[in-house]
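*Asks:* The structure's right below; bear with me while I get my questions together.
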Amino acid sequence: MFFKKLKKYKVLLASGSKRRHELLKGLEINFEIVSQNVDETYPKHLKKQEITNYLVKKKSSYLKKSLKKNELLITADTIVWFNNFPLKKPKNREEAFKMIQSLSNNSHEVISSVCISTNKTQKIINESTKVYFNKLSDDDILYYSSKSDVLDRAGSYGIQDYIGHLGISKIKGSYNNVLGFPTSLFCKTITQMKL
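So the sequence shown is numbered by the working numbering: it starts at 704 and just counts up by one.
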């Protein structure tokens, strides 16, 4: 059972994402946030989940070597994949506006990877969710990109925000994955892992 598996571990989450914090709290997991400053560059030939898998492993490699026997480390990464290109977090509001404008009246994938590590084992999982946007007006995009915390969001938007409520017509896959953490897949994986 999921709870029994995690009960014997001190869970460490290496993520500053408020959405990931909320999702783990929703799973009733007691966890400690650990900081890590990792350069999030990756080889340019990587595509889709190869990128997020690479980044979660890179993030965990800095902390895994110091894990104690009773500690379980979680690292995560999310990208928006659009037109065969990854959209990470925007550098500024102008870039955020352009990103959302390109997603308008289109579909894209949100890909999240999670790396689960102990001092003896490591498992990387990933999930992809297809997101469909209605046509958005430039005024709505400008309003959202100037008011919201778009600089902290892959693809410049949050599904739970104004632009998500206004513009997303449907999704295929996990809603929580779009928030940045595939909770159902994570629980299934923990249950199946030999911890």
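Just so it is clear, CB atoms sit at the ideal spot from N, CA and C, and this is done for glycine as well. Note that the structure is a prediction, hence the values are computed from the model and not measured.
Could you check the C-alpha separation between Asp855 and Pro793 for me, to the nearest Å?
*Replies:* For this step, residue 855 is matched to residue 152 along the sequence shown. For this step, residue 793 is matched to residue 90 along the sequence shown. Rounded to the nearest angstrom, the two C-alpha atoms are 8 Å apart.
*Asks:* Assign Glu731 to buried or exposed, taking buried as 16 or more other Cβ atoms, counted over all protein chains shown, within 10 Å of its Cβ.
*Replies:* Walking along the sequence shown from the start, residue 731 turns up at place 28. By the neighbour-count rule (16 or more Cβ atoms within 10 Å), Glu731 is not buried but exposed.
*Asks:* In chain order, what residues of the same chain have a beta carbon less than 6 Å from the beta carbon of Arg722, not counting five sequence neighbours either side?
*Replies:* Sequence index remark: in the sequence shown, residue 722 carries index 19 (1-based). Around Arg722: Leu882 and Gly883.
*Asks:* Could you compute how far the alpha carbon of Leu839 sits from the alpha carbon of Leu806?
*Replies:* For the purposes of this step, residue 839 is taken as residue 136 along the sequence shown, with counting starting at 1. For the purposes of this step, residue 806 is taken as residue 103 along the sequence shown, with counting starting at 1. Using only the alpha carbons, I get a separation of about 9 Å.
*Asks:* If contacts are defined as beta-carbon pairs under 8 Å, then Thr892 and Ile819 qualify, I think. What distance do you get, rounded to the angstrom?
*Replies:* If you number the sequence shown from 1, residue 892 lands on position 189. If you number the sequence shown from 1, residue 819 lands on position 116. That pair is a contact at about 7 Å.
*Asks:* Between which residues of its own chain and Ser810 is the CB-CB distance below 8 Å, once the five residues before and five after are set aside?
*Replies:* Residue numbering aside, residue 810 sits at position 107 when the sequence shown is read from its first letter. Here the set comprises Lys833, Val834, Tyr835 and Phe836.
*Asks:* Is Lys767 a contact residue of the ligand ZN, with contact defined as CB to any heavy atom under 7 Å?
*Replies:* The ligand ZN is absent from the structure shown, which contains no ligands of any kind.
*Asks:* Quick one: give me the first and last residue of the alpha helix (DSSP H) that Val759 is part of.
*Replies:* Counting from 1 along the sequence shown, the entry for residue 759 is found at position 56. Gln752 to Lys767 is the span of the alpha helix (DSSP H), which, as asked, contains Val759.
*Asks:* Which runs of the alpha helix (DSSP H) at least 4 residues long sit entirely within the region 762-833? Give them in chain order.
*Replies:* Qualifying alpha helix (DSSP H) stretches, in chain order: 796-806.
*Asks:* Among residues of its own chain, excluding the 5 on either side of Thr821, which ones have a beta-carbon nearer than 6 Å to its beta-carbon?
*Replies:* Indexing the sequence shown from 1 puts residue 821 at position 118. The answer, listed in chain order, is Leu775.
*Asks:* To the nearest angstrom, how far is the alpha carbon of Ser718 from that of Val759?
*Replies:* Along the sequence shown, one-based indexing puts residue 718 at 15. Along the sequence shown, one-based indexing puts residue 759 at 56. One C-alpha to the other measures close to 10 Å.
*Asks:* Between Val714 and Ile754, which are expected to be in contact by the criterion C-beta below 8 Å, what is the C-beta distance as a whole number of angstroms?
*Replies:* Taking the first residue of the sequence shown as 1, we reach residue 714 at position 11. Taking the first residue of the sequence shown as 1, we reach residue 754 at position 51. Between Ile754 and Val714 the Cβ distance is about 25 Å, and since that is not below 8 Å, they are no contact.
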